[in-house]
Structure formats: structure tokens, C-alpha cells
Amino acid sequence: MDLRRAAIPVSIAAGGFLAAVVFGLRLHDGLPWWMLLPGAIALGGVVALPPLLAFAASRDRPCLYAAAAVTSITLAFGLSLLGPAMVLLGVVWLWTLLGHRPRRPLRTIAAALVAWTLGVASFLALFVHLDPRCVEYYADGTMAMVPTDMTTGWVWEAPQTETSTMGGSPQVVEAFCSSDVVTWVEAGVSSALVAAAFGGAWLIAGGGRRSARRAALEDASA
């Protein structure tokens with residue numbers, strides 16, 4: 001049990017660190033930061049959901065470890081770079097759950113289902129609608145968005161060292177395109193789903209110090 005207790009704060013901190021990493025990576029895709037900010041905030045919030053659930057579980061709602069575990073493991077499949085770390089955190093939280101032995105299995109399952117359903121929905125909400133964007137960076141230091149008819153694909157970089165400047169057009173130094181830039185509307189929907197996932201699971205879990213003390217008194221009287 002001592003090892004489990006020691007793993008709890010470490011795993012929660014690691015989960016928060018992964019969310020910060022996702023936020024930072026999303027801001028470095030070649031497009032202007034203000035165009036990438038909604039996606040960075042929203043995806044960082046999605047990745048932060050499992051450690052938030054684990055933190056709530058450590059505050060007298062141990063059944064939320066199940067919600068944190070299944071959500072983390074599922075989201076790992078959509079984040080290839082950080083997937084192994086999120087799976088590992090999910091396993092740690094499942095291991096922690098086994099050590100607590102929740103007295104209300106139905107609440108544990110219900111809270112996990114709510115967190116899992118809304119958590120996955122918050123991730124998918126970011127990619128339901130394609131919003132392609134392309135920008136060009138010019139030799140004079142300026143930048144401009146350019147039209148695109150792209151409907152699929154991923155982010156790519158198209159460096160150009162020699163571009164015609166006929167007609168007074170500035171020389172293009174680099175061009176970046178993304179098939180799906182997250183808009184503020186999509187980010188808002190995703191963040192609302194994250195909040196609903198956390199709040200719903202937290203309310204279903206119930207519990208608290210009074211419930212734990214009552215259960216202990218019942219065991220002692222029995």
C-alpha cells in the first residue's frame with residue numbers, strides 16, 4: 001500500500017506534465033501561434049482529464065481511479081507520441097484502484113462510463129469538421145494566409161528558396177499547411193465536454209470522508 005500511495009502524486013504530476021507537453025507541441029506546428037492556440041488549449045485540456053480524475057480520486061473518491069484509467073488508456077490510442085506514457089499511467093491508476101477496493105462497484109462503473117464517453121467525445125469534437133489553413137512566410141518578414149482546396153491530409157512544410165517575384169510579389173521563404181486547424185467553437189465544445197466528464201464522474205462517485213468513516217464504523221460494529 002505504501003508503494004501505491006507513493007505512486008499516486010507521481011502519476012498525477014506526470015499526467016499534468018503530459019498535458020503541458022501537448023499544449024506546447026500544438027503551438028509549434030509552423031502556423032501562427034494565434035491560429036494554433038484554440039487547439040493547444042482544447043487538446044491540453046483533454047489530456048489533462050485523466051490526471052484530474054485521478055487527483056479527485058485521491059481526495060476521498062477512490063472509485064474515480066477507474067474513470068481516470070479507462071479514459072487515459074483510450075485517449076492513448078489517439079496520441080501516438082504520448083500513447084505509451086498514457087497507457088502506463090492508466091495501468092498505475094488501475095493498480096491503485098485495486099488497492100482501495102471501492103465499496104460501490106455500480107458507482108465506480110457508472111462514473112467510469114460517463115468519464116470515458118464524454119472524454120472520448122471531447123477528443124473527437126476537435127476533428128469532426130476539417131478546417132484547412134495555409135500560410136506563406138515572405139523574405140521581407142511578412143506572412144499571409146493563402147487559399148486552399150485541401151480536404152484531407154496532415155500538417156506539412158514546403159520550404160522554398162527561390163520563388164518568382166514578378167509583379168512585385170514578395171519572395172516566399174516557407175509555406176505551411178494544415179488540414180485541420182481547431183477553431184474556437186470546436187475548442188469550446190471540447191472543453192465543455194471535458195468539464196461535463198469531470199463533473200459528471202465526480203458527482204456520481206459521491207463518497208467523501210463521511211462515507212468512508214461511516215463504512216469504517218459499520219465494519220467495526222459488525
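For the sequence shown, the working numbering assigns the number 1 to the initial residue and increments by one for each residue that follows.
We put the beta carbon where it would ideally sit given N, CA and C, even for glycine.
Could you compute how far the alpha carbon of residue i sits from the alpha carbon of residue j?
{"i": "W184", "j": "P38", "result": "5 Å"}
{"i": "A56", "j": "V135", "result": "42 Å"}
{"i": "L64", "j": "R5", "result": "15 Å"}
{"i": "S72", "j": "V181", "result": "24 Å"}
{"i": "V91", "j": "L31", "result": "36 Å"}
{"i": "L106", "j": "L49", "result": "21 Å"}
{"i": "A19", "j": "A85", "result": "11 Å"}
{"i": "F127", "j": "E186", "result": "8 Å"}
{"i": "A201", "j": "H28", "result": "33 Å"}
{"i": "R104", "j": "G199", "result": "18 Å"}
{"i": "W116", "j": "V70", "result": "7 Å"}
{"i": "I109", "j": "P102", "result": "10 Å"}
{"i": "T74", "j": "Y138", "result": "42 Å"}
{"i": "P9", "j": "M35", "result": "34 Å"}
{"i": "V87", "j": "S58", "result": "19 Å"}
{"i": "S191", "j": "G83", "result": "21 Å"}
{"i": "L81", "j": "A13", "result": "18 Å"}
{"i": "R61", "j": "Q171", "result": "60 Å"}
{"i": "L79", "j": "D2", "result": "31 Å"}
{"i": "R26", "j": "F123", "result": "14 Å"}
{"i": "V21", "j": "A195", "result": "20 Å"}
{"i": "L203", "j": "F17", "result": "26 Å"}
Would you mind giving the Cβ-Cβ distance between residue i and residue j, rounded to the nearest angstrom? I have them listed as a contact below 8 Å.
{"i": "G15", "j": "A40", "result": "With 8 Å as the limit, G15 and A40 do not qualify as a contact, their Cβ atoms being about 17 Å apart."}
{"i": "V189", "j": "A125", "result": "5 Å"}
{"i": "L193", "j": "L118", "result": "5 Å"}
{"i": "V114", "j": "A197", "result": "7 Å"}
{"i": "A112", "j": "A66", "result": "4 Å"}
{"i": "A7", "j": "T96", "result": "7 Å"}
{"i": "G44", "j": "F77", "result": "Incorrect: roughly 18 Å between the Cβ atoms, too far for contact."}
{"i": "W93", "j": "A68", "result": "5 Å"}
{"i": "L89", "j": "S11", "result": "5 Å"}
What did DSSP end up calling residue i once you bin it into helix, strand or coil?
{"i": "V135", "result": "strand"}
{"i": "S80", "result": "coil"}
{"i": "V96", "result": "Note on residue identity: the sequence assigns Thr, not Val, to residue 96. T96: helix per DSSP, three-state reduction."}
{"i": "V128", "result": "coil"}
{"i": "V87", "result": "helix"}
{"i": "A181", "result": "Reading off the sequence, residue 181 comes out as Val, not Ala. Three-state DSSP puts V181 in coil, outside helix and strand."}
Within the continuous alpha helix (DSSP H) that includes residue i, where are the two ends?
{"i": "A112", "result": "105-124"}
{"i": "L3", "result": "2-26"}
{"i": "G39", "result": "33-58"}
{"i": "V185", "result": "184-205"}
Could you confirm whether any beta carbon from chain D is found closer than 9 Å to the beta carbon of residue i?
{"i": "A68", "result": "Among the protein chains of the structure shown there is no chain D, as only one such chain exists."}
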